[in-house]
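Position in the sequence shown counted from 1, then plus 47, gives you this note's numbering.
Heads up: the structure comes next, in structure tokens.
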Amino acid sequence: MSTLPMPSGLSGRSDVVRIGLPLLRSAADACAWGRALRARPLLTQTPERSRRKPIQDFFFTPVQSMLDAIEHRGSSVQAALADDRHTRNCHPVHRAWALEAVPTYLAARARHQAAGYPVTFPVTTEWVGLSRLRKPDTRGVVQYERTAWCRRYATPDGSVREIWIPSIGSAKENRSEAEIAAAAAIAATGVPARGSFGEPYRSVEPDAVKPQQVRVIGVGLADGKPLVLADWDAEEAVRQFEEHAKKRYGAVLDGRALRPGSDCTTCEGLLGCAALPVVPGLLGVPALRRPRKRRSVSISDLRAYNSCPARFHLTRALFIKDGRIENEAIRRGRAVDAWLNDRHGQDARTPCRNVPPPTELPGLTEEELSPAVRMIEEHRTFCPLDGLLESELVRPQWRLAAYDPVVDAVVIADPDLLYTESGGWVWRETKTASRRTWEGRSLLREFPQLALAVLLMAAGVPGGDPRRSRIELEILRENGSVCEEIDPFDQATHNEAREIVAGLAAGWASDETYSPAPGDHCADCEVRRWCTASGEAR
Numbered sequence: 048m049s050t051l052p053m054p055s056g057l058s059g060r061s062d063v064v065r066i067g068l069p070l071l072r073s074a075a076d077a078c079a080w081g082r083a084l085r086a087r088p089l090l091t092q093t094p095e096r097s098r099r100k101p102i103q104d105f106f107f108t109p110v111q112s113m114l115d116a117i118e119h120r121g122s123s124v125q126a127a128l129a130d131d132r133h134t135r136n137c138h139p140v141h142r143a144w145a146l147e148a149v150p151t152y153l154a155a156r157a158r159h160q161a162a163g164y165p166v167t168f169p170v171t172t173e174w175v176g177l178s179r180l181r182k183p184d185t186r187g188v189v190q191y192e193r194t195a196w197c198r199r200y201a202t203p204d205g206s207v208r209e210i211w212i213p214s215i216g217s218a219k220e221n222r223s224e225a226e227i228a229a230a231a232a233i234a235a236t237g238v239p240a241r242g243s244f245g246e247p248y249r250s251v252e253p254d255a256v257k258p259q260q261v262r263v264i265g266v267g268l269a270d271g272k273p274l275v276l277a278d279w280d281a282e283e284a285v286r287q288f289e290e291h292a293k294k295r296y297g298a299v300l301d302g303r304a305l306r307p308g309s310d311c312t313t314c315e316g317l318l319g320c321a322a323l324p325v326v327p328g329l330l331g332v333p334a335l336r337r338p339r340k341r342r343s344v345s346i347s348d349l350r351a352y353n354s355c356p357a358r359f360h361l362t363r364a365l366f367i368k369d370g371r372i373e374n375e376a377i378r379r380g381r382a383v384d385a386w387l388n389d390r391h392g393q394d395a396r397t398p399c400r401n402v403p404p405p406t407e408l409p410g411l412t413e414e415e416l417s418p419a420v421r422m423i424e425e426h427r428t429f430c431p432l433d434g435l436l437e438s439e440l441v442r443p444q445w446r447l448a449a450y451d452p453v454v455d456a457v458v459i460a461d462p463d464l465l466y467t468e469s470g471g472w473v474w475r476e477t478k479t480a481s482r483r484t485w486e487g488r489s490l491l492r493e494f495p496q497l498a499l500a501v502l503l504m505a506a507g508v509p510g511g512d513p514r515r516s517r518i519e520l521e522i523l524r525e526n527g528s529v530c531e532e533i534d535p536f537d538q539a540t541h542n543e544a545r546e547i548v549a550g551l552a553a554g555w556a557s558d559e560t561y562s563p564a565p566g567d568h569c570a571d572c573e574v575r576r577w578c579t580a581s582g583e584a585r
């Protein structure tokens, strides 16, 4: 253990640590150092960055507000649902979803109580695992705080505590043992505490009754089904914490590796980070008139936005969807990509031509399997591992990120495959198609992720010798597949890429309302049921 080295552009205190459940989760592009900084909540960027949210971007905020009114302030359900103050600053579709989610959550609570569990009542004050030291430890920390984003309930005598963790669709069944154990330990040993932005938590009931039994319950806001993830006595909760969660907390605090990616958006140390490429004007749009909270964006995000801003906001920012099954083409493409990614990552020295084709693919029926397998067989002709030297690097689905300070946005790209070749980097995109691409259309316009790839590679991301770097587009069909090459350093190609990316980003960059754009795409929209504008497309 050691004190965390601080990048430039930070101010505040680093002697208070706060770790919530999300920081315990693993992610392929997690930045260990960024998460260690995030665990020091009293550190802030200097100069201060904007935190303005022109529209609500957290799915549970309006639900939380209405539930607080019902459970803590005695409001009736009808009155809470009718009070527009709870959905202030929410998108109309977000509001409609929230008005359904609240009764669903309350019904889940009633269903759980009817199953024979002890009756529990809402608890207003947070439970926080607090450890206050007399002097700074080897990390330079004087106060450790373990928190759990949840809703809290307890029996009148305090002997039983429950933590309820909401999910948008169904309760998550794949939460890690560390996350469940951490939540249970907070219920078992946490003290009632309060804190405000920029301030440490402080205990408000030091003599609060310690529970004998704790439960961690997941709940889906779509199906209303509660799922008991842990039902332990207090001693077992502490034992589970020691076994599954304690080391994970330490790993978060002591992380030092840098990895540009999704974590950059919330990182207070972004301005002083040497690992994140800074590319002013990458998106090709002017600075915002009114600064706002830092965002991340990908080409798939921009394409979704240009299809319908409302659908983009609900599905990409709030992650709200109605749970419908994707069409066959999307599922087939995802299944083929997953198999190729697994093969290229599992053994980067074995060409796919030397591996038997799959006999099944997750998400595909028996009838849907055959075209996907033929596409995989077509890939054997173009597999980049064939003849690749052992000294070369192979990185399937390796996330890249770059920062555009003009609009304070982290731009994300997920190449299907990155590999080195004689000192250069090759960026490979693989697409599945049921028919031939129209030959008269530009590849960059047909597949705009290639346009972003051109701009990133021309800006030195991911690096390597420009003379030996290129972009490849592999289009897999059941027969007649092709692999095209694109030179990211060709000026005409670069100019076209800038035009395409700027055209896609222009509306997204300045939009603060995300109005719906009804059209044929409404037919398969994941949030149509809550959108009144979708009726205009019928």
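Cβ atoms here follow ideal geometry from the backbone N, Cα and C, with glycine treated the same way.
Keep in mind it's a predicted model, so treat the numbers as computed, not measured.
Secondary structure at residue i, three-state DSSP: helix, strand or coil?
i	result
G434	coil
R358	helix
Y296	helix
S347	helix
R545	helix
G316	coil
P418	helix
C578	coil
C569	helix
V285	helix
Y450	strand
E224	helix
S528	coil
G59	strand
E252	coil
L551	helix
M53	coil
R515	helix
E290	helix
E521	strand
R132	helix
Could you spell out where the alpha helix (DSSP H) holding residue i opens and where it closes?
i	result
P239	Note, P239: premise wrong, no alpha helix (DSSP H); beta strand (DSSP E) at 238 to 241.
S587	Any answer about residue 587 is impossible in this case: the structure gives the chain only from 48 up to 585.
Q160	139 to 161
A277	From DSSP, A277 is part of no alpha helix (DSSP H) but of the beta strand (DSSP E) over 273 to 280.
Of the choices the options, whose alpha-carbon is the least far from that of residue i?
i	options	result
A395	L330, P535, Y466	Y466
A220	G265, L520, P69	Note that residue 220 corresponds to Glu in the displayed sequence, not to Ala. Of the listed residues, the one whose Cα sits closest to E220 is G265.
A161	L180, D131, P273	P273
A240	A385, L71, A195, R337	A195
D280	G297, T313, A231	A231
S243	R179, I367, P88	P88
K392	T362, L464, W474, H426	The residue asked about is misnamed: residue 392 is Gly in this sequence, not Lys. For the residues T362, L464, W474, H426, the minimum Cα distance to G392 belongs to L464.
A229	W174, R249, P183	W174
E192	L503, I66, A79	I66
H426	A480, A357, S347, A553	A480
L90	P54, I102, P431	P54
E282	D184, D204, D369, T236	T236
I533	L440, T397, L502	L502
C530	S58, L490, V441	L490
S250	S562, G176, R99	G176
With residue i and residue j assumed to form a contact (beta carbons below 8 Å), what rounded beta-carbon distance in angstroms separates them?
i	j	result
V166	T202	7 Å
A83	L51	6 Å
A77	R306	7 Å
F106	I215	6 Å
V189	V149	That pair is no contact at about 40 Å.
P405	I423	7 Å
H291	H138	In fact, because the Cβ distance is near 38 Å, the residues do not count as touching under 8 Å.
Q260	V207	5 Å
L329	D451	4 Å
P431	R363	Actually they do not touch by this definition, with Cβ atoms about 31 Å apart.
G271	A155	4 Å
Terminal residues of the continuous beta strand (DSSP E) containing residue i?
i	result
G121	First-last for G121: undefined, no H or E at that position.
Y200	198 to 201
Q190	190 to 193
V266	260 to 267
E559	Segment: none, E559 is in no beta strand (DSSP E) and carries neither H nor E.
W174	173 to 179
R442	441 to 443
Report the start-end ranges of each beta strand (DSSP E) in the segment 452 to 513 that is 3 residues or longer and not cut off at the edges. 456 to 460, 464 to 468, 471 to 479
In the segment 67 to 109, which residue ranges form an unbroken beta strand (DSSP E) of at least 3 residues, counting only runs that do not cross its ends? 90 to 92
Start-end ranges of the alpha helix (DSSP H) lying completely within the segment 364 to 410, minimum 4 residues: 375 to 393
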